[in-house]
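Engineer:
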Amino acid sequence: AQKVTQAQTEISVVEKEDVTLDCVYETRDTTYYLFWYKQPPSGELVFLIRRNSFDEQNEISGRYSWNFQKSTSSFNFTITASQVVDSAVYFCALSVVSTSGTYKYIFGTGTRLKVLA
Amino acid sequence: EPEVTQTPSHQVTQMGQEVILRCVPISNHLYFYWYRQILGQKVEFLVSFYNNEISEKSEIFDDQFSVERPDGSNFTLKIRSTKLEDSAMYFCASAGTSGEFVETQYFGPGTRLLVL
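Chain order of the listed sequences is A and B. Each step along the first sequence adds one to the number in my numbering, with nothing skipped, and position 52 is 52. Position in the second sequence (first residue = 1) + 1000 = my numbering.
Spelled out as structure tokens, the structure:
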């Protein structure tokens, strides 16, 4: 079964704190892709990062960093020195090849992050 | 930078009415998708479309739903007889040609549908 679990429903932090959003996935595929999206109150899905299953290097982009560990099937997202503008719902997604040969995304339930001033 | 566009941004309709949600995917993309997000819930796959036919559909995508690519640029989702539970944000997405990250989908801004 293909599944993405984001166990943290909602997290509140005070501005400048670091925060980690957890993502655990399940798939039998050896080739797959993982994504993080940000959904602000306006509703659109903002792409943050793409990672393939063969690349376990961690990545840093400004205040954002991602920790991919195949051994634990996790792809966690850390925001350093959080800001109020980081307040949003964050979705982790798994992209796998379906039986038709096309890809589809399987999203987690999302984590609502509230950063308080 | 090319982007996926969707119209309308918001639509209010009466239960039982037909609605058509429109999407213009990124030019030259070959794979097209619709997803649905009920308020406060996760984004769910509805249907994928490739080579002018449905590749895969979820259990949500019943006979009330249909998709079409009528003119080579637009990609539409039709709901024949809307129900209250169809109220949701609908996202269109497209993905590139072979060898160009076909596993990465580009999402439109969504159409918020409210069925009264």
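Glycine included, C-beta positions come from ideal geometry on N, C-alpha and C.
Is there a Cβ from chain A that is less than 9 Å from the Cβ of residue 1007 (chain B)?
Structural biologist: The sequence position of residue 1007 (chain B) within the second sequence is 7, counting from 1. No, residue 1007 (chain B) lies away from the interface with chain A (no Cβ there is under 9 Å from its Cβ).
Engineer: Do you know how far the Cα of residue 1 (chain A) is from the Cα of residue 72 (chain A)?
Structural biologist: Stepping through the first sequence from its first residue, residue 72 (chain A) is reached at position 72. Stepping through the first sequence from its first residue, residue 1 (chain A) is reached at position 1. Rounded to the nearest angstrom, the two C-alpha atoms are 16 Å apart.
Engineer: Tell me where the beta strand (DSSP E) around residue 1068 (chain B) begins and ends.
Structural biologist: Walking along the second sequence from the start, residue 1068 (chain B) turns up at place 68. 1065-1068 is the extent of the beta strand (DSSP E) around residue 1068 (chain B).
Engineer: Tell me whether residue 104 (chain A) is buried or exposed, calling it buried when 16 or more other Cβ atoms sit within 10 Å of its Cβ.
Structural biologist: In the first sequence, the residue the question calls residue 104 (chain A) occupies position 104. With 16 or more other Cβ atoms within 10 Å, it is buried.
Engineer: Can you look up residue 94 (chain A) in the DSSP assignment and give me helix, strand or coil?
Structural biologist: Against the first sequence, residue 94 (chain A) aligns to sequence position 94. Residue state, collapsed to three classes: strand.
Engineer: Are residue 78 (chain A) and residue 66 (chain A) touching if we call contact CB-CB under 9 Å?
Structural biologist: Within the first sequence, the letter at position 78 stands for residue 78 (chain A). Within the first sequence, the letter at position 66 stands for residue 66 (chain A). Yes; because the gap between Cβ atoms is below 9 Å, this pair is in contact.
Engineer: For residue 15 (chain A) versus residue 116 (chain A), is the C-beta distance shorter than 9 Å?
Structural biologist: Position 15 of the first sequence, counting from 1, holds the residue named residue 15 (chain A). Position 116 of the first sequence, counting from 1, holds the residue named residue 116 (chain A). A contact, by the Cβ cut-off of 9 Å.
Engineer: Do residue 21 (chain A) and residue 37 (chain A) have their C-beta atoms closer together than 9 Å?
Structural biologist: On the first sequence, residue 21 (chain A) is found 21 positions in, with the first residue counted as 1. On the first sequence, residue 37 (chain A) is found 37 positions in, with the first residue counted as 1. No, they are not a contact pair.
Engineer: Please check if any C-beta of chain B sits within less than 9 Å of the C-beta of residue 62 (chain A).
Structural biologist: As a working mapping, residue 62 (chain A) is identified with position 62 in the first sequence. Answer no: the Cβ-Cβ gap between residue 62 (chain A) and chain B never drops below 9 Å.
Engineer: So what does residue 10 (chain A) bridge to, in DSSP terms?
Structural biologist: Position 10 of the first sequence, counted from the first residue, corresponds to residue 10 (chain A). Paired residues: A:112.
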